[in-house]
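Some notes on the structure that comes next.
In my numbering, the protein residues as written are 5 to 133.
This is the structure in structure tokens:
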């Protein structure tokens with residue numbers, strides 16, 4: 005397997021710009037829940053409780069906070085239906101589609117990493133037997 009490599013930046017300024025861009029991306033989509041919420045909403049329009057059931061382990065308080073943050077960043081839209089204040093629905097925005105390749109790459113990498121770890125654990129178990 006190849007070692008990690010990246011094209012070296014032309015200058016220190018280019019390196020700093022790359023680090024800033026990566027930091028911005030991680031700030032917006034980082035954490036335990038945001039990408040999971042995006043995947044849950046990729047199935048379509050959902051109410052708060054539907055999202056909470058779909059994203060195992062998230063508390064109502066944390067989900068509420070994450071949804072507000074994601075709305076501010078333009079990834080989801082929130083619709084309150086007139087006449088029924090309890091009917092609030094969330095859906096992904098067109099802008100959230102810009103994360104599609106990122107999410108797909110992370111899913112692929114996560115799958116590969118899980119297989120790699122299982123194989124390494126199996127090798128360790130076999131050599132210690």
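Note that CB positions come from ideal geometry on N, CA and C, so glycine has one too.
Residues that DSSP places opposite residue i in a beta bridge
i          : result
residue 92 : 84
residue 50 : 94
For residue i, the nearest candidate out of the options (CA to CA)
i          : options              : result
residue 94 : 103, 74, 104 and 109 : 74
residue 43 : 97, 119, 130 and 123 : 97
residue 80 : 65, 118, 120 and 39  : 39
residue 47 : 121, 101, 22 and 70  : 101
residue 50 : 83, 122 and 62       : 83
residue 34 : 121, 119 and 110     : 110
Collapsed DSSP secondary structure at residue i in the structure displayed
i           : result
residue 36  : coil
residue 14  : coil
residue 133 : coil
Close-in-space but distant-in-sequence residues of the same chain around residue i (CB under 8 Å, 5 per side omitted)
i          : result
residue 67 : 37, 41, 52, 55, 56 and 59
Neighbourhood of residue i by C-beta distance below 7 Å, restricted to the same chain and skipping five residues each side
i           : result
residue 78  : 97 and 99
residue 62  : 37 and 56
residue 117 : none
What are the complete alpha helix (DSSP H) segments, minimum 4 residues, inside the segment 54-83? The alpha helix (DSSP H) runs lying completely inside the segment 54-83 and spanning 4 residues or more are 64-76, given in chain order.
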